[in-house]
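Those letters in the sequence shown? Residues 1172 to 1432, per our numbering, in order.
Quick reminder that beta carbons are idealized off the backbone N, C-alpha and C, glycines included.
Here's the structure we're looking at; comments come further down.
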Amino acid sequence: MSGSVDLAKKDRIAYLYLNNPEKKNAISTEMWEGLVAKAQEISTDSNIRAAILRGHGMSAFAAGADISQFEEKRSPSAEGSTYDSLTEAAIAAIKAIPVPVIALIHGFCLGGGVSLALACDLRFCSNDATFAVPAAKLGISYPTPAIERLVKLIGFSNAKYLLFSGKRIGAQSAKEVHLVDKVFKQEELDEEVESFVASLIENAPLSLRAAKFIIDQSTLEQHERDLEKIHMLARACFESDDYKEGVRAFMASEKPNFQGR
Ligand code: COA
């Protein structure tokens, strides 16, 4: 067994840890599987209002997939595509978490780590974070869905720069190309993310769920969109007690107490 994905829950926030510190949190097949299981657990826990995905410790979010397993598990046979299906299942499970998911990124965020960070809704990193997609240095093709997500987020040219060069870029460059949303001093990152998430979960949970789903759907072609669910989520907000509470609290100059229904 190589590494684990650990889940902790506190104050309605789920904390997902990539835990393989001897390998800079490189993601083993066991960890990709763990991500699926733990993401599904978060998705079905109605108490959870937000999630934070991070690496164990401060030296890495994740130094990519665990290369030591490639010879056995990512060979040019059917197993190669099985491996990519597994990583995509993990990405899909993270993306399917209905509440906001923030990637908290210290240190190295490489290859599969970038792909995983892209599955989150927002990426906050420390000023010592470095990013790279070194697939060309290993002779593999970065998974097609991961390339598509990268292009959507940072554009054709920036994606080509990262994939052609395999070079590492720093936090500020990552911010300039919108690969990350916020950069903080290393010693302040954890607290900044905590405080952002704490403020976010005070907002109406149904509004957050609707916003997440509808924004994600807006990146799809018209014919791919789940219009029924979009309307259902929007309607659920208007019909909710929280909507009444939000308006009441505003009119009374009070802080709203949202229940998620
Ligand atoms: N898979 C497996 N093991 C990895 C790994 C990965 N993706 N990334 C790091 N490790 C291991 C190293 O082999 C090393 O193991 P060892 O102590 O048994 O020798 C340990 O983690 C520490 O890494 P090391 O290279 O000594 O640390 P460093 O600070 O000099 O460099 C990195 C860190 C992340 C820059 C470097 O390890 C690296 O380039 N890793 C591979 C990145 C990559 O290509 N990722 C894409 C995979 S798709």
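- For residue 1291, no alpha helix (DSSP H) encloses it, and the DSSP letter there is neither H nor E.
- Contact annotation: residue 1283 and residue 1258 have beta-carbon atoms nearer than 8 Å.
- Inter-residue distance for residue 1278 and residue 1185 is about 22 Å (C-alpha atoms, whole angstroms).
- For the pair residue 1199 and residue 1190, the CB atoms are not nearer than the 8 Å cut-off.
- Every beta strand (DSSP E) stretch that sits fully inside the segment 1210 to 1264 and reaches 3 residues is listed by chain position as 1221 to 1226, 1231 to 1233.
- Residue ranges of uninterrupted alpha helix (DSSP H) with 4 or more members, entirely inside the segment 1281 to 1338 and ordered along the chain, are 1283 to 1290, 1306 to 1309, 1315 to 1325, 1327 to 1336.
- Looking from the CA of residue 1263, the closest CA among 1287, 1392, 1312, 1336 belongs to 1287.
- Within the model, the alpha-carbon separation for residue 1296 versus residue 1228 is close to 13 Å.
- In the structure shown, residue 1345 adopts helical secondary structure according to DSSP, grouped into three states.
- Between the alpha carbons of residue 1238 and residue 1253 lies a gap of roughly 16 Å.
- Taking a cut-off of 8 Å on C-beta distances, the segment 1342 to 1358 touches the segment 1292 to 1311, as three or more cross pairs fall below it.
- Shown here, residue 1350 sits in coil according to DSSP, grouped into three states, outside any helix or strand.
- Distances between the C-beta of residue 1279 and the heavy atoms of the ligand COA include at least one below 7 Å.
- Looking at the backbone, the Cα of residue 1314 and that of residue 1334 are separated by about 12 Å.
- Under DSSP, residue 1361 shares a beta bridge with no residue.
- The DSSP-derived three-state label of residue 1398 is helix.
- Around the beta carbon of residue 1418, a 10 Å sphere encloses fewer than 16 other beta carbons of the protein chains shown; the residue is thus reported as exposed.
- Put simply, the backbone Cα of residue 1274 is about 6 Å away from that of residue 1291.
- Here DSSP, grouped into helix, strand and coil, assigns residue 1185 to strand.
- Taking the CA atoms as reference points, residue 1412 sits about 28 Å from residue 1210.
- When beta bridges are read from the DSSP output, residue 1197 appears opposite no residue.
- Residue 1236 and residue 1194 do not touch by the CB rule: their CB atoms are close to 10 Å apart, not below 8 Å.
- Residue 1261 places its beta carbon less than 8 Å from that of residue 1206.
- In terms of Cβ geometry, residue 1268 and residue 1222 form a close pair [threshold 8 Å].
- Take residue 1232, set aside five residues on each side of it, and the residues of its chain with a beta-carbon closer than 6 Å to its own are 1226, 1276, 1280, 1284, in chain order.
- Per DSSP, reduced to three states, the secondary structure at residue 1272 is strand.
- A straight-line Cα-Cα distance of about 28 Å links residue 1180 and residue 1342.
- Here residue 1320 has 1289 as same chain residues with Cβ atoms under 6 Å from its own Cβ, once five neighbours each way along the sequence are excluded.
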